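J.:
Number of protein chains: 4
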Amino acid sequence: MLKYSVFLGNVGSCFDRYCTEYAKPFSLCELFERAASIKKLDAVDLVMTWDMMNQKDEIKAQLKKTGLNVGSLAVDTFANPIYQKGSLSSTDAKVRNQSLADAKRVIDFAEEIGCPIVTLWPGQDGYDYIFAADYIKERQLFADGLKELCKYNENIIITVEYKLKEPRTHSYLSTVGSTLLMMEKIGLPNLGVALDYGHAALGYETAAEAVAMCKMYGDRLKHIHINDNYRLWDDDMIVGTVHTLEYLEFFYWLKKTGYNGYLVIDQFPYREDGRDAVSESAEWLDVLQKAAERINEEEITEVLAKRDGVASSRYMRKLLFGGME
Amino acid sequence: MLKYSVFLGNVGSCFDRYCTEYAKPFSLCELFERAASIKKLDAVDLVMTWDMMNQKDEIKAQLKKTGLNVGSLAVDTFANPIYQKGSLSSTDAKVRNQSLADAKRVIDFAEEIGCPIVTLWPGQDGYDYIFAADYIKERQLFADGLKELCKYNENIIITVEYKLKEPRTHSYLSTVGSTLLMMEKIGLPNLGVALDYGHAALGYETAAEAVAMCKMYGDRLKHIHINDNYRLWDDDMIVGTVHTLEYLEFFYWLKKTGYNGYLVIDQFPYREDGRDAVSESAEWLDVLQKAAERINEEEITEVLAKRDGVASSRYMRKLLFGGME
Amino acid sequence: MLKYSVFLGNVGSCFDRYCTEYAKPFSLCELFERAASIKKLDAVDLVMTWDMMNQKDEIKAQLKKTGLNVGSLAVDTFANPIYQKGSLSSTDAKVRNQSLADAKRVIDFAEEIGCPIVTLWPGQDGYDYIFAADYIKERQLFADGLKELCKYNENIIITVEYKLKEPRTHSYLSTVGSTLLMMEKIGLPNLGVALDYGHAALGYETAAEAVAMCKMYGDRLKHIHINDNYRLWDDDMIVGTVHTLEYLEFFYWLKKTGYNGYLVIDQFPYREDGRDAVSESAEWLDVLQKAAERINEEEITEVLAKRDGVASSRYMRKLLFGGME
Amino acid sequence: MLKYSVFLGNVGSCFDRYCTEYAKPFSLCELFERAASIKKLDAVDLVMTWDMMNQKDEIKAQLKKTGLNVGSLAVDTFANPIYQKGSLSSTDAKVRNQSLADAKRVIDFAEEIGCPIVTLWPGQDGYDYIFAADYIKERQLFADGLKELCKYNENIIITVEYKLKEPRTHSYLSTVGSTLLMMEKIGLPNLGVALDYGHAALGYETAAEAVAMCKMYGDRLKHIHINDNYRLWDDDMIVGTVHTLEYLEFFYWLKKTGYNGYLVIDQFPYREDGRDAVSESAEWLDVLQKAAERINEEEITEVLAKRDGVASSRYMRKLLFGGME
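Quick mapping for you: the protein sequence lines, in order, are chains A, B, C and D.
Residue numbering for the first sequence follows my numbering, starting at 10 and increasing by one per position.
Residue numbering for the second sequence follows my numbering, starting at 10 and increasing by one per position.
Residue numbering for the third sequence follows my numbering, starting at 10 and increasing by one per position.
Residue numbering for the fourth sequence follows my numbering, starting at 10 and increasing by one per position.
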């Protein structure tokens with residue numbers, strides 16, 4: 010069974026583009042306490058905003074106090090308005106340099122606290138309108154920046170989280186294919202994919218196939234964000250409330266390809282209690298992982314070899330409702 | 010438990026716009042035998058193409074021989090190329106009159122064999138390009154035709170199957186709302202909705218909510234087509250291979266609103282054996298209906314009253330994995 | 010040529026679920042000045058948040074000073090967190106009553122300032138998860154509330170703005186069909202549709218067809234919001250930067266059906282200057298309306314009668330590039 | 010101005026999964042005559058089905074008679090039912106070997122007639138259901154087959170046409186990113202992308218950005234299919250009837266990156282006359298290319314450098330309606 014982490018802010022409160030405060034905000038200490046109260050969690054992932062970078066000692070104290078590990082540190086390239094038109098891909102040298110500097114400071118802190126992974130989610134690196142970007146120049150700037158960060162500290166794995174869109178209407182790092190393509194060209198070993206289940210679904214990717222592709226092209230799957238959605242938008246819902254069977258296939262392929270990192274809960278419970286919504290996802294992850302463990306290697310190999318929808322259907326029904334027929 | 014029917018052709022073979030023959034075709038007699046071999050089926054639904062209209066005696070003989078009932082008869086307003094630009098909505102009086110005449114002949118045959126429902130799927134009634142239709146005139150022609158058919162024989166229920174698109178890029182009867190709206194204006198009692206689960210999903214409708222709306226606006230849910238898809242297209246897959254939880258909610262609302270018609274399996278098993286694919290769907294319908302029967306009225310009323318994603322999530326997990334926690 | 014209004018906040022700054030401040034906020038006075046500086050605008054539409062309700066005198070002063078008219082007043086049923094799980098459809102009597110009271114206060118202010126339209130955008134009236142709502146009860150509550158508001162002041166038109174989703178994953182007032190259906194049942198004359206071009210596109214509606222449907226079913230088109238998007242999400246972009254030909258058909262049908270209200274610019278220019286982005290939309294509306302005026306009634310009647318994609322294509326090309334061939 | 014080709018069958022008639030014959034079929038000779046009657050066409054592209062492979066002499070005679078060039082030859086890996094579960098990716102050695110043999114015969118014929126490009130559209134290489142494929146094994150088989158074909162004749166460029174889905178619910182060669190990734194690993198120079206404008210739109214790709222990516226990663230854009238759609242499905246409509254501005258950006262990037270191959274019209278005019286629909290697309294390509302030529306390098310460089318939606322919007326309006334303001 011894979012272990013769970015959570016983005017710390019997820020146990021707190023949310024806002025969206027209409028409503029600035031669905032619920033009251035929590036202090037850092039409260040957030041840690043709320044996370045720690047969920048016994049199924051092993052770790053937290055931290056978005057290192059400017060504010061968080063100024064509380065490094067407090068963070069270390071809270072980690073020690075709660076006994077929580079750190080799944081990864083994320084560089085803030087999306088909430089800081091300076092990056093609203095791009096971070097590593099920015100054609101404004103000053104902005105781009107600051108994003109590199111910010112990332113390096115996060116890498117340093119990761120090393121300091123023994124966290125092996127730093128995550129980049131280039132949510133603002135893209136474009137909204139056509140006739141608004143030199144696609145080649147900006148993609149190249151991003152790739153060059155990524156290379157520089159990988160070389161900065163070879164002990165830290167830099168993972169990149171792709172997403173088709175939002176907050177930009179189009180992201181540069183949009184699909185598993187385009188992300189692995191950039192990594193293939195850079196060719197460094199400490200570069201990996203942070204696969205967000207919901208982002209895969211949003212891009213009409215089968216999550217299990219995305220896992221397989223990461224394996225094939227450099228064994229680059231290093232981090233996983235987990236949540237659920239209705240496929241057409243990154244709804245960031247409680248895990249398992251929409252998809253069921255696809256999760257079972259996903260967990261099977263994670264095992265088959267040897268993934269052993271965290272499953273990081275990453276959701277936006279606008280109208281739910283954040284702590285309870287995270288706890289729910291952890292419960293779902295338990296039952297879904299257990300159900301996936303019913304998959305017998307010999308049996309599934311036989312099913313996959315058939316390449317027949319009827320055989321697949323029968324197998325899925327057995328996995329889910331085995332005892333009912 | 011609701012009973013199952015199947016579109017007779019579903020146990021046969023398919024074609025698409027690229028490949029004319031994924032498998033060899035079957036004779037009418039073979040199709041009936043294949044359907045009859047699936048013990049969980051109670052009935053067949055028949056698309057009354059020109060060819061079928063010429064085999065009425067053979068059809069009656071096969072029904073008698075196999076003991077299968079008839080769920081509904083569908084008027085062929087989509088495979089006959091004369092209707093390629095519309096049937097009841099056609100601005101070509103000759104075409105429109107023929108569609109009315111064709112439908113009346115099907116209504117007559119329905120009465121003759123004791124089938125209470127005639128289905129219209131106005132798949133060709135719509136448009137592909139903008140600047141290609143007078144939306145008001147054509148919608149009105151469709152509504153007028155529908156009224157005429159309802160009045161033609163008040164003992165037969167005319168059900169209309171809506172769908173967002175395909176084969177036209179845009180259909181007039183596109184969503185549950187626009188379909189009920191037209192019916193509300195016509196105001197006749199023997200007019201009903203044929204709800205296709207996959208069409209609801211394609212239109213970003215929650216199937217259970219579509220059921221509720223049919224109840225609210227005239228109690229018009231009279232027939233159900235069933236299959237599965239990935240939401241963005243009418244993939245017409247084996248039931249239950251994509252959606253799980255949404256089916257449970259759907260069956261709950263069918264029960265709550267008193268639906269007691271057929272669940273008509275309606276799929277396109279291009280690369281699977283048609284008979285086996287239908288049999289699979291019947292198996293899924295059994296387990297999904299059984300799982301939905303675990304829903305306790307008191308308990309769900311309490312859950313729905315909470316209007317809280319966490320409570321809903323917990324309830325869904327219990328429904329599906331009750332024994333595992 | 011139709012006149013333009015703008016949601017006052019549009020000339021200001023935006024936030025989204027990741028970044029709280031893409032640009033510095035503006036005062037009410039500054040917003041009015043910025044709007045007034047765009048000469049092509051005739052009016053503003055105002056979202057009557059709690060804060061705005063407390064500045065009624067200031068609003069009246071600004072209107073007088075700038076000479077701007079008011080297109081409509083919108084009730085705040087989406088930014089106030091009390092309505093996060095629904096306003097008129099809320100099963101919490103206290104919340105629902107407050108939403109009615111809030112709406113009535115806005116209606117009173119509309120009458121006071123001579124604004125003929127009050128808009129409801131029930132963005133929070135819907136659900137995120139399945140198994141989380143009693144669809145019939147909540148839809149009925151909404152309809153009852155709407156009726157009460159229409160009866161409260163028969164001189165004010167209540168317009169309802171439908172949208173497939175967001176901020177909820179599913180809205181009750183989702184499509185033009187379901188909205189007109191509810192209105193058909195309520196049957197009051199001072200009830201109308203506020204059609205948002207982008208919401209129509211998001212729901213795979215052809216905007217021109219939505220206009221035609223509003224005409225057919227009660228002549229209910231009373232207000233229009235305008236913006237652009239990539240069809241899969243309500244991107245709220247500058248008008249005309251994505252769609253071109255569909256706007257021409259839209260303006261043609263607006264004229265044909267006798268719409269004479271405002272075109273209210275409603276966009277989210279996260280990374281652009283709000284004032285300039287609104288000014289851009291006004292410029293596009295001018296050129297698109299002028300291009301649509303090239304449509305000759307005799308000629309288009311002939312084209313539509315053909316129901317032929319080739320004829321439609323030729324006509325569209327002529328409209329757009331007439332002088333180039 | 011780029012030259013136009015057309016898939017020969019496009020000037021004929023179509024069928025879909027409901028209707029086998031929207032119009033009467035044409036003979037090979039008639040198809041060539043119809044294509045030749047469209048003066049704006051320079052070439053035809055030919056799908057080398059079994060039937061066509063048996064008419065090589067007739068094809069050569071028709072080419073000579075009409076003076077049409079050949080844009081590319083496409084291997085039939087999608088209409089022949091033997092490939093219904095995959096061609097080069099097939100786990101059935103017999104099927105896979107036949108697909109390689111078929112492709113080599115097409116390569117031989119291409120060399121014989123002096124056609125520089127052979128196209129593979131792996132439409133059946135993918136899967137419909139989850140739990141139905143070993144993604145790694147099948148993707149590897151496809152890549153190995155592709156490599157074998159490239160090495161078979163280094164004078165012929167093998168282009169691969171990607172598409173998100175259809176006829177399978179999921180294709181292996183799904184996006185520009187995953188296609189370039191496979192090519193990057195294979196690393197052979199006579200391997201290229203056949204970019205279908207509609208497939209890019211279907212996958213939420215900006216076509217111009219896909220062109221840019223092909224340039225960056227191996228300069229692999231070697232062939233272009235052209236048509237239009239509503240983004241959510243491969244509607245294969247007449248060029249320019251949906252998208253306008255995106256075509257202008259697309260043509261600009263084609264010029265900027267030095268593309269000098271054909272624009273191959275590839276559409277499914279179910280209800281239109283095929284010849285006339287192709288002729289329409291050629292007319293649109295003329296006006297759209299001319300409009301794109303208005304783009305001044307200095308001016309656009311300045312606009313792109315701004316990275317500002319307002320500047321982009323203004324520029325697009327100028328391109329389209331320059332003379333109207």
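Ideal Cβ placement from N, Cα and C applies to all residues, glycine included.
Just so we're clear, the structure is a prediction, and the values are computed from it rather than from any experiment.
Which two residues bound the contiguous beta strand (DSSP E) that contains His343 of chain A?
T.: Since the first residue shown for chain A is 10 and the last is 334, residue 343 of chain A is missing from the structure and cannot be characterised.
J.: Do Val20 of chain D and Val287 of chain D have their beta-carbon atoms positioned less than 7 Å apart in this structure?
T.: Closer than 7 Å, so yes.
J.: If contact is defined by three or more beta carbon pairs under 8 Å, each pair taking one atom from either stretch, is the stretch 108 to 123 of chain C in contact with the stretch 286 to 306 of chain B?
T.: No contact exists between the stretch 286 to 306 of chain B and the stretch 108 to 123 of chain C.
J.: Which two residues bound the contiguous beta strand (DSSP E) that contains Tyr13 of chain A?
T.: Where Tyr13 of chain A is concerned, the enclosing beta strand (DSSP E) stretches over Tyr13 to Phe16.
J.: With 8 Å as the C-beta to C-beta threshold (strictly closer), list the residues of the stretch 273 to 287 of chain A near chain B in chain order.
T.: Listed by position, the residues of the stretch 273 to 287 of chain A near chain B (Cβ gap below 8 Å) are Pro278, Arg280, Glu281, Asp282, Asp285 and Ala286.
J.: Taking the alpha carbon of Met246 of chain B as the reference point, which residue from B:Leu204, B:His208 and B:Thr188 has its own alpha carbon closest?
T.: The shortest C-alpha separation from Met246 of chain B is found at B:His208.
J.: Just how far apart, CA to CA, sit Leu313 of chain A and Leu155 of chain A?
T.: Distance between the alpha carbons of Leu313 of chain A and Leu155 of chain A is about 37 Å.
J.: Where Phe24 of chain B and Trp130 of chain C are concerned, what is the direct C-alpha to C-alpha distance, given to the nearest angstrom?
T.: If you take the alpha carbons of Phe24 of chain B and Trp130 of chain C, they lie about 45 Å apart.
J.: Would Tyr268 of chain C pass as an interface residue toward chain B - the criterion being a Cβ-Cβ separation below 7 Å?
T.: It does not: the Cβ of Tyr268 of chain C has no partner Cβ on chain B nearer than 7 Å.
J.: Nearest to Asp51 of chain D by alpha carbon, out of D:Ser96, D:Asn106, D:Gly132 and D:Leu17?
T.: When only C-alpha atoms are compared, the closest one is D:Leu17.
J.: Quick test of the definition: if touching needs 3 or more C-beta pairs under 8 Å, does the stretch 96 to 103 of chain C touch the stretch 33 to 44 of chain A?
T.: Output reads no: the stretch 33 to 44 of chain A does not touch the stretch 96 to 103 of chain C.
J.: Are the C-beta atoms of Asp143 of chain C and some chain B residue less than 7 Å apart?
T.: For Asp143 of chain C, the answer is yes, since a Cβ of chain B falls inside 7 Å of its Cβ.
J.: Take Arg323 of chain C and list the residues in its own chain whose beta-carbon comes closer than 7 Å to its own, dropping the five residues that flank it on each side.
T.: Closer than 7 Å at the Cβ level, and outside the excluded window around Arg323 of chain C, lies no residue.
J.: My understanding is that Gln133 of chain B touches Thr86 of chain B, with C-beta atoms under 8 Å, so please give their C-beta distance in whole angstroms.
T.: Rounded, the Cβ-Cβ distance is 6 Å, consistent with contact.
J.: Among the residues of its own chain, which have a CB less than 8 Å from the CB of Ser46 of chain C, if the five just before and after it don't count?
T.: Excluding positions up to five away in sequence, the list reads Arg284.
J.: Considering just the uninterrupted stretch of the alpha helix (DSSP H) at Asp85 of chain C, what are its terminal residues?
T.: Counting along the chain, Asp85 of chain C falls outside any alpha helix (DSSP H), and DSSP gives it neither H nor E.
J.: What residue ranges within the stretch 52 to 118 of chain A form continuous beta strand (DSSP E) runs of no fewer than 3 residues, ordered along the chain?
T.: Runs of the beta strand (DSSP E) inside the stretch 52 to 118 of chain A: 78 to 84.
J.: Do the CB positions of Val53 of chain C and Leu77 of chain C come within less than 7 Å of each other?
T.: It is a contact, given that the beta carbons lie within the stated cut-off.
J.: In chain C, what lies closer than 7 Å to Asp237 of chain B by C-beta?
T.: By Cβ distance, chain C contributes nothing, its closest Cβ being about 16 Å from Asp237 of chain B, past 7 Å.
J.: If we count the other Cβ atoms within 10 Å of its Cβ and call it buried at 16 or more, is Ser36 of chain D buried or exposed?
T.: Exposed is the call here.
J.: Note down the Cα distance separating Ile26 of chain A from Thr29 of chain C, rounded to an integer number of angstroms.
T.: Before going further, note that residue 26 of chain A is Arg rather than Ile in the sequence given. The straight-line gap from Cα to Cα measures roughly 9 Å.
J.: Along the alpha helix (DSSP H) that carries Glu302 of chain A, what are the first and last residues, could you check?
T.: That run of the alpha helix (DSSP H) goes Gly283 to Glu302.
J.: When the Cα atoms are used, what is the spatial distance from Tyr144 of chain D to Cys223 of chain C?
T.: Cα to Cα, Tyr144 of chain D sits roughly 49 Å from Cys223 of chain C.
J.: Which partner residues of Ser234 of chain A appear in the DSSP bridge assignment?
T.: Here residue 234 of chain A turns out to be His, not Ser, going by the sequence shown. Its beta-bridge partners are A:Asp205 and A:Val273.
J.: If you reduce the DSSP assignment to three classes, tell me which class Met246 of chain C lands in.
T.: DSSP places Met246 of chain C in strand when its eight states are reduced to three.
J.: Could you run through the stretch 78 to 95 of chain A and flag, in chain order, every residue whose CB is less than 7 Å away from some CB of chain C?
T.: Against chain C - using a Cβ distance shorter than 7 Å - the residues of the stretch 78 to 95 of chain A are Phe87, Ala88, Pro90, Gln93 and Lys94.
J.: Check whether chain D comes within 7 Å of Cys23 of chain A, counting only Cβ atoms and requiring the distance to be less than that.
T.: No - not a single Cβ of chain D is within 7 Å of the one on Cys23 of chain A.
J.: How far does the beta strand (DSSP E) with Ile145 of chain B in it extend, from its first residue to its last?
T.: Not the beta strand (DSSP E): Ile145 of chain B falls in the alpha helix (DSSP H), residues Tyr144 to Tyr161.
J.: Taking C-alpha atoms, which residue in A:Thr188, A:Thr184 and A:Glu175 lies nearest to Lys94 of chain A?
T.: Answer by Cα proximity: A:Glu175.
J.: Does any C-beta atom of chain A lie closer than 7 Å to the C-beta of Arg316 of chain D?
T.: Chain A contact via Cβ: present.
J.: Give a yes or no on whether the minimum CB-CB distance between Glu258 of chain C and chain D is below 7 Å.
T.: No - not a single Cβ of chain D is within 7 Å of the one on Glu258 of chain C.
J.: Please compile the residues from chain A whose C-beta is within a distance smaller than 9 Å of the C-beta of Met246 of chain C.
T.: The answer, in chain order, is Asp137, Tyr138 and Thr178.
J.: Under DSSP, the alpha helix (DSSP H) around Val220 of chain D begins and ends at which residues?
T.: Residues Ala216 to Met225.
J.: Can you check which of these residues, C:His252, C:Tyr279 and C:Gly196, is closest to Arg240 of chain C by C-alpha distance?
T.: Looking at the Cα atoms, C:His252 is the closest of the given residues.
J.: Take the Cβ of Lys48 of chain D as the centre, count every other Cβ of all protein chains shown within 10 Å, and call the residue buried at 16 or more, exposed below.
T.: Classification for Lys48 of chain D: exposed.
J.: Along chain D, in chain order, which residues have C-beta atoms closer than 8 Å to that of Thr250 of chain C?
T.: Neighbours of Thr250 of chain C on chain D, chain order: Leu254, Gly318, Ser321, Ser322 and Met325.
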